[in-house]
């Protein structure tokens, strides 16, 4: 082999070929790409798209989020305190010295169309809000990024490719092999022999060393994008633990917040109970005689039917056993005989009266006796064949039906039960002696989270199996309450307690098992805050540690925010 006019031995040529092959493999873009720490060369289809340009602004009254969609700025305006949407305001915007009026959309957002929204750079946005007598001015900055593009120049050549994919594996190998070739070339130069071969070795060594240095083109930085913020518009849990929940998702989930402030109220005591009917507004339908039930013309009333006091719910035709029937027949026979004798005697006395043989008083006495016999006979016949009507004792709803057409009933059978669903009571079992005069307010909670306000009525003065029966009246009963439903009663009694009281719906269990609330840190950022609390009443908890006065936390939708991953 001849290099630079000198003949190179075969052994040296073989070494050079091997070294050159290694270098070309290191430089080849088709070689195996090894992902270094923090990189994953998996399929890009699973990655979320970039976040849309946004503007956020906050005041004491409002919080505003604007999302750029082409030449349209979609504005979400909510109240600062409770995060409720504001749809009655007028918005005047100034975007980089260009004025516009936002138009209210059917979905509760406002939209502004401006060609400046497609101009890259930072634009100051002023929003003048007028909502009735309330006016406010919000100021924010809107950053429009430059359109993404590829440069075919030197910065995306072989050097950037190697720096991106082969940096961890080629850096050490490149420096080692390049240094070795450089030492070989330097040794040949120092010996003064084979200068051409030394030059080739030095060039190859420099090439290998240079291949380990990644060169970024102008305007590019291959380091980590510190503080890059949200990478997409989808809800996501960020590395620092906070949750990014965009305004469209907040509107969909109806997220509501509250600014915390200590409250002073009395401590609550809890005990079990059940829903019962008000005895003054409920009743049963029974028969006073034994007989066969006869339904009304419209048929037997069914469960859930509404009735009014006095409505006919059926009748009972009397029935008698053989002995009673025989006694009645005998009584009727005796009455018929007495009636016949009385009529004969009356006829004879009337003829004597016409002859003035007897006094008129005698005739009147016989006539009265005859009328008495006739009335008794009529009553016996009526009792034998006349059915007894069954009428509703109160207004209400039929809750139980224990009779069918043709059924033989007795005096002890409760045929219908009627309850007024608008007048219910609660019977509670208290194992502690509770002074009814100290009960300020009480609430009941069912297993279906139906909460009702109660008014204390009284307590029994005798213990029943070591517990006291407490009676409460349900104020404005929910239509879903049923008699017999078990409930948990929470009554406020005793000394006053001062602290932060939250609804139970504001507390969620984080993935690590901690009980947390979500602080509304920014318009679209929620921060989980671990708390320590204790039950306060049926629907609230008393926070002992974790949050402070002035914190704004989620009180509705916390469980849904907790599902974001």
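Numbering (the numbering used here), first residue to last: -4 to 560. Here a beta-carbon is modelled for each residue, glycine too, at the ideal position from N, C-alpha and C.
#1: When the Cα of residue 272 is compared with those of 246, 414, 547, which residue comes out closest?
#2: Where does residue 328 sit, in a helix, a strand or coil, going by DSSP?
#3: Quick check on residue 542: does DSSP put it in helix, strand or coil?
#4: Taking residue 392 as the reference, give the member of 440, 303, 447 with the closest Cα.
#5: For residue 418, I'd like the list of residues in its chain whose CB is within less than 6 Å of its CB, leaving aside the five on either flank, ordered along the chain.
#6: Return the chain-ordered list of same chain residues with a C-beta closer than 7 Å to the C-beta of residue 546, the five sequence neighbours on each side being excluded.
#7: Could you tell me which of 270, 267, 309 sits nearest to residue 575, measuring between CA atoms?
#8: Please check the pair residue 541 and residue 524, which I expect to be a contact at CB under 8 Å, by giving their CB distance rounded to whole angstroms.
#9: Please return the same chain residues whose Cβ sits closer than 6 Å to the Cβ of residue 151, not counting the five positions on each side in sequence.
#10: What residue from 473, 464, 47, 505 has the CA that sits closest to residue 227's CA?
#11: With a threshold of 8 Å on Cβ separation, who are the neighbours of residue 300 within its own chain once the five nearest residues in sequence on each side are excluded?
#12: Just verifying my parser: in three-state terms, what is the DSSP assignment at residue 339?
#13: Could you pull the start and end residues of the alpha helix (DSSP H) that residue 553 belongs to?
#14: Just how far apart, CA to CA, sit residue 65 and residue 112?
#15: Taking only three categories from DSSP, how would you classify residue 313?
#16: For the region 83 to 124, list the beta strand (DSSP E) runs that are entirely contained and at least 3 residues long, ordered along the chain.
#17: In the DSSP assignment, the beta strand (DSSP E) including residue 244 goes from what residue to what residue?
#18: Tell me whether the beta-carbon of residue 87 lies closer than 7 Å to the beta-carbon of residue 56.
#19: Could you say if the region 498 to 507 and the region 459 to 469 meet the contact criterion of at least three C-beta pairs nearer than 8 Å?
#20: When you compare each of 348, 445, 290 to residue 396 by their alpha carbons, which one comes out closest?
#21: Could you compute how far the alpha carbon of residue 82 sits from the alpha carbon of residue 96?
#22: Quick check on residue 281: does DSSP put it in helix, strand or coil?
#23: Compute the Euclidean distance between the alpha carbons of residue 293 and residue 400, then round it to the nearest angstrom.
#24: Nearest to residue 424 by CA position, among 74, 267, 50, is which residue?
#25: Excluding the 5 residues preceding and the 5 following residue 132 in the sequence, name in chain order all residues of the same chain whose CB lies nearer than 6 Å to its CB.
#26: If you pair each beta-carbon of the region 238 to 252 with each one of the region 443 to 453, do three or more pairs fall below 8 Å?
#27: Please report the straight-line C-alpha distance between residue 548 and residue 246, rounded to a whole angstrom.
#28: Can you give me the C-alpha to C-alpha distance between residue 129 and residue 68, rounded to a whole angstrom?
#29: Quick one: is residue 552 buried, meaning 16 or more other Cβ sit within 10 Å of its Cβ, or exposed?
#30: How many whole angstroms separate the CB atoms of residue 297 and residue 334, which I take to be in contact at a CB cut-off of 8 Å?
#31: Roughly how many angstroms separate the alpha carbons of residue 214 and residue 142, rounded to a whole number?
#32: Run through DSSP, which three-state label would residue 262 get?
#33: In terms of DSSP beta bridges, what is residue 303 paired with?
#34: Return helix, strand or coil for residue 367, following the three-state DSSP convention.
#35: Going by the beta-carbon positions, is the gap between residue 117 and residue 90 smaller than 7 Å?
Judging by the given coordinates:
#1: 414
#2: helix
#3: DSSP, reduced to helix, strand and coil, places residue 542 outside both helices and strands of the structure shown, so it counts as coil.
#4: 303
#5: 273, 276
#6: 255, 514
#7: Residue numbering for the chain in the displayed model covers -4 to 560; residue 575 lies beyond these limits and cannot be assessed.
#8: At roughly 5 Å, the Cβ-Cβ gap stays under 8 Å, so residue 541 and residue 524 are in contact.
#9: With a pLDDT of 44 at residue 151, under the threshold of 50, the predicted position of this residue should be treated as unreliable, though the coordinate-derived value follows. Answer for residue 151: no residue qualifies.
#10: 47
#11: 392, 393
#12: helix
#13: 553 to 556
#14: 7 Å
#15: strand
#16: The qualifying runs are 85 to 90, 93 to 96, 105 to 108.
#17: Per DSSP, residue 244 belongs to no beta strand (DSSP E); it is in the alpha helix (DSSP H), 242 to 248.
#18: no
#19: No contact exists between the region 498 to 507 and the region 459 to 469.
#20: 290
#21: 14 Å
#22: Note: residue 281 maps to coil in three-state DSSP.
#23: Going from the Cα of residue 293 to the Cα of residue 400 covers about 12 Å.
#24: Of 74, 267, 50, the residue nearest in Cα terms is 267.
#25: Counting only residues of its own chain and dropping the five nearest sequence neighbours on each side, residue 132 has a CB closer than 6 Å to the CB of 123.
#26: no
#27: Straight-line Cα distance between these residues: approximately 16 Å.
#28: 23 Å
#29: buried
#30: Actually they do not touch by this definition, with Cβ atoms about 48 Å apart.
#31: With a pLDDT of 41 at residue 214, under the threshold of 50, the modelled position of that residue is not reliable, and the figure given next carries that caveat. The alpha-carbon atoms of residue 214 and residue 142 are separated by roughly 13 Å.
#32: strand
#33: In DSSP, residue 303 forms no bridge with anything.
#34: helix
#35: no
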